[in-house]
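In what follows, a single structure is set out as C-alpha cells and then discussed.
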Amino acid sequence: MAFFTEGKIILLEERLGNKRITEVLGDLEAISAARRDVSLENLFTSPVCDIDEFLEQQCPAERRALYIRTYFEDVYSVWPYLPRDAFEGAANAPNLGSRLESDHAWAATFYAVLSLGVLHEQGGSFAPLQGPAWPIFQRAMKLFPLLLMAKKTVAIAQALFALNYSSWSLEELLVTEAARICVSLHMNKISQPTEDTDAYSRVFWTVYCLEKEYCFQSSSSTIIDDADTRCPFPELPPEQTSLSGFGILIEFYQLQSRAYRSLFTVTALNNSWEVVCTQIDSLRNDLEAWKLSTPVEYRPGLHLRMRQFPKPSFILMALQLHLSYHILVIGIARLDIYLNCNTDAVRAAKSKTILMEAARSIADVVQLVPMEPSTPINMLGLAPIIATFILFELVVFNPYHPETPRNQAFLQIMAGYWVRLDVVSDGQVAGQLLSEFASISQESLSRARAFEDSSVQQLRSPAASTVEQIVLSEDLALHGGRLAGGQIGDQPTLLATTNGIAGSDDFPLDIPLPNDWFENGMFEGELRFVDVFGKGVD
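Per our numbering, residue 30 is the first one in the sequence shown, and the count goes up by one each step.
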C-alpha cells in the first residue's frame, strides 16, 4: 500500500491553505531514507564466537529451553509450521553442537527460533540492529548465503520462514526465496498423502500466507500460483485449538490472492468496467461469507475483548485476522471509488462509507496491539498508518459532513496511539510526526467553522442584498454548511433550494481523486512509509 501521491498532496495543500502537510510528509520521508541507509552488511560479515562458546556462555541449556518454549507459546500458535517435539528434542540432544556445525538449514532455524524467543522473553529495541536478539539472529543470517546455494529442501524452507519472521527488513528476499523452494519441491502439488504430508502442508501454507500478504501490499506478482496449488490443509489436533485460527488465515489469504489476481494485476485492469465491478461484487460477497464463517471471538468487524482469549498468542491471531481483513476491504473500496466516481455516484458513495468504516475499525483494533519490537510490523505500523491517512483525508475534505466529528475523534485516538508508540520506542518510531495529522485536521475544522459562522451571519444580516444572500447560500451549500447554532454536519433547511445539495438526504463523502491516485495496478504513490518502521524493529 502507498499513500498520498503528488497529486493528492496538491489537493490537500489547496484545501488546507498551507504546506504543513508537505512539511510533515517531508520529515517522515527523511526518517524513512535514514532507515534505508542503515547497512545490513554486518549481519553477514561481523565475526561471531564459535558454537561451543555460544552454547556454553551466551546461551546455556536452561536459557535455551526457556527461549524455545517462549517461541512455541507466542509464535508457533499463530504460524504452526515447525514440528515442536522433534525440534525440542534436537535442541536438547547431546550432539547439538555438531549438528549446528554440519546442518546449516537446521542451524539457521535454531538460531532464528532462539532469537524470537529472546525477543519475546527479554524484549528488544526499536533502534536499528540493536537489542539482545540481534546477535543471535546474526548467526542465522550468516548462514543465509549457504542456504541459497544448497539443495532445496523442506528444512531450508523452514529456515527461511524463521528468518523472515525475525526480520521484516529482509522480507522480500526471504519470503520470495521460501516460496520458490516450495514450488521447486512441488509442495504445492501434494496428491498422495504420506507420513510427511502434514509437515509439508504446514510449511507450504505458512509460506503461502506470508507470500500472498507481501505481494498484495507491495503490488508484486506472486510466485505460488493458486491455479496450480493442490495441498491439503494441515491436520488440526483437538488439543491445538490455535490451528483452527491458522486454517481461517489460510482461507483469508486465498481470498486476498484472488483479489490481487482479479482486480489489481495489469491484466485485470485491462478488463472492462463491467467485468471489474462484477469481480468486486463477487469478492465482497465471498469476503462477507468468510467473515461470517469465522468464530465470533475472531470475527472482523466485532469489538475485540482481551478477556475472550486465554493466551496472548490468540490475541495476535485475532489482530492478524482483523487488520488483514480491513486492509483488503480498503484496497477493494479504493478501486471501486476510482472506477465509479464519475459513473455511479451511489455505488461510489457506498464504497466511501466502507472505506471510512474500515479505517475506524482499525483505529478501534490497534488499541490492543502490543507495543513491543516483537509485534509484526503490519500490526504495529502499516495498518495504523492506513487508518490515520484515510481518516485525515475524510476530515479535511468533508468539514461539514455529519460523520466528520466522529472521524476526527477516531483520528485523535490514532494520534494518542502514535504518541504512546513514540514514547515506548524512545523516539525511534516517528510517532510524534504521525500524531500531527490530527492537529492539522483539527485546525482545518476550526477554520471551516469560522468561515461557516461568518457566512451565515452575513446571510442573516438585514443589510445583505438578495444577490449576496443567493451567493452566500450557494457557497454554504456547496461546502455542506450549517446554520449558526446548529451542529456540524446538520443539513441547513434554509438552503434546501440551492441545487438540492445541502438539503438532500444523501450527503456523500467527498474524496477528490487526482490524476495519479491510481497507478501501475495498485496505489503506487510517491511516499512509502514501511521504512519508518522497517530496520528498526528486531
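C-beta: ideal position from N, C-alpha, C; glycine also.
Residue i in three-state terms, based on DSSP
{"i": "K569", "result": "There is simply no residue 569 to check, as the chain begins at 30 and stops at 567 in what is shown."}
{"i": "R259", "result": "strand"}
{"i": "K570", "result": "Residue 570 is absent from the structure shown; the chain starts at 30 and stops at 567."}
{"i": "A525", "result": "Note that A525 scores 29 on pLDDT, short of 50, meaning its location in the model is unreliable and no value can be drawn from it."}
{"i": "T99", "result": "helix"}
{"i": "W135", "result": "helix"}
{"i": "T235", "result": "helix"}
{"i": "I253", "result": "coil"}
{"i": "Q516", "result": "Reliability of the predicted coordinates at Q516 is poor, the pLDDT of 34 falling under 50, and the value obtained from them is presented with this limitation in mind. Coil at Q516, not helix or strand."}
{"i": "C211", "result": "helix"}
{"i": "K241", "result": "helix"}
{"i": "R334", "result": "coil"}
{"i": "F33", "result": "coil"}
{"i": "W319", "result": "helix"}
{"i": "F116", "result": "helix"}
{"i": "P413", "result": "helix"}
{"i": "C88", "result": "coil"}
{"i": "P341", "result": "helix"}
{"i": "F155", "result": "coil"}
{"i": "D227", "result": "helix"}
{"i": "V398", "result": "coil"}
{"i": "D56", "result": "helix"}
{"i": "E130", "result": "helix"}
{"i": "Y367", "result": "helix"}
{"i": "V204", "result": "helix"}
Contacting residues, own chain, Cβ-Cβ under 6 Å from residue i (five flanking each side not counted)
{"i": "C260", "result": "N217, I219, S230, F233"}
{"i": "D365", "result": "I309, S380"}
{"i": "G46", "result": "none"}
{"i": "D393", "result": "none"}
{"i": "A378", "result": "P537"}
{"i": "I391", "result": "H355, A412, A416"}
{"i": "R98", "result": "none"}
{"i": "Q461", "result": "D451"}
{"i": "G146", "result": "Y96, I97, T99, Y100"}
{"i": "S454", "result": "F155"}
{"i": "Q441", "result": "A467"}
{"i": "S464", "result": "A444, W447, V448"}
Identity of the residue in the options nearest residue i by Cα
{"i": "Q396", "options": "Q151, I361, L348, T251", "result": "L348"}
{"i": "L411", "options": "R334, A467, E242, F262", "result": "E242"}
{"i": "G126", "options": "G160, P89, I80, Y140", "result": "I80"}
{"i": "L172", "options": "Q437, L111, A141", "result": "A141"}
{"i": "H19", "options": "L145, R168, A115", "result": "Absent from the structure is residue 19, since the part of the chain shown begins at 30 and ends at 567."}
{"i": "D254", "options": "C88, E264, Q285, L202", "result": "Q285"}
{"i": "A228", "options": "V204, V183, L176", "result": "V183"}
{"i": "P123", "options": "A297, S301, P89", "result": "P89"}
{"i": "T294", "options": "S61, L202, P541, C244", "result": "C244"}
{"i": "F116", "options": "E280, D103, A94", "result": "A94"}
Contacting residues, own chain, Cβ-Cβ under 7 Å from residue i (five flanking each side not counted)
{"i": "R311", "result": "Residue identity check: residue 311 is Ser in the sequence provided, not Arg. Counting only Cβ-Cβ distances below 7 Å, and skipping sequence neighbours, we find nothing."}
{"i": "E85", "result": "none"}
{"i": "L41", "result": "I50, V425"}
{"i": "F101", "result": "R113"}
{"i": "K181", "result": "I210, S213, L214"}
{"i": "L278", "result": "C238, Q349, L350"}
{"i": "V398", "result": "L348, T404, M408, L409"}
Cβ-based burial, residue i [other Cβ within 10 Å; buried from 16]
{"i": "T138", "result": "buried"}
{"i": "M170", "result": "buried"}
{"i": "S213", "result": "exposed"}
{"i": "N369", "result": "buried"}
{"i": "V458", "result": "buried"}
{"i": "E317", "result": "exposed"}
{"i": "R334", "result": "exposed"}
{"i": "N407", "result": "buried"}
{"i": "T223", "result": "exposed"}
{"i": "W108", "result": "buried"}
{"i": "A208", "result": "buried"}
{"i": "S322", "result": "exposed"}
{"i": "F402", "result": "With the sequence shown as reference, residue 402 is identified as Pro, and Phe is not the correct amino acid for it. Buried, because 16 or more other Cβ atoms sit within 10 Å of the Cβ of P402."}
{"i": "Q87", "result": "exposed"}
{"i": "P324", "result": "exposed"}
{"i": "A374", "result": "exposed"}
{"i": "T372", "result": "exposed"}
{"i": "V304", "result": "exposed"}
Close beta carbons around residue i, own chain, < 8 Å, minus the five adjacent residues each side
{"i": "F338", "result": "E326, I344, A347"}
{"i": "Q151", "result": "P161, A162"}
{"i": "K48", "result": "E42"}
{"i": "R128", "result": "A119, A122, W135, A136"}
{"i": "T382", "result": "L538"}
{"i": "F421", "result": "L440, F466, A467, I469, S470"}
Report the residue ranges of all alpha helix (DSSP H) runs contained in full by the region 424-481; include only those spanning at least 4 residues, in chain order. 433-453
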